[in-house]
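Following the working numbering, the numbering of the sequence shown begins with 11 at its first residue and continues without gaps.
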Amino acid sequence: MWPWNEGKARMCAFPRAHHWLMAAGLLFFASQIVPVVAGLL
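So, in structure tokens, the structure goes:
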């Protein structure tokens, strides 16, 4: 088991978690900005 292989495996696993964090962040951002936009309209 080479250290750089382990690092590569970790980098492959990370984007999946990052994808879910991004999705959650976008949902949160949308829920915050929709009332503001509705208020402006």
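Just so you know, even glycine gets a beta-carbon here, dropped at the ideal spot from N, CA and C.
(request) Could you check what DSSP says for Leu51 in three-state terms: helix, strand or coil? (result) coil
* Asked: Just how far apart, CA to CA, sit Gln42 and Leu31?
  -> 16 Å
_Taking the straight line between their C-alpha atoms, what separation do you get for Gly35 and Val44?_
14 Å
Whole angstroms is fine: what's the gap from Arg26's alpha carbon to Val47's? 31 Å
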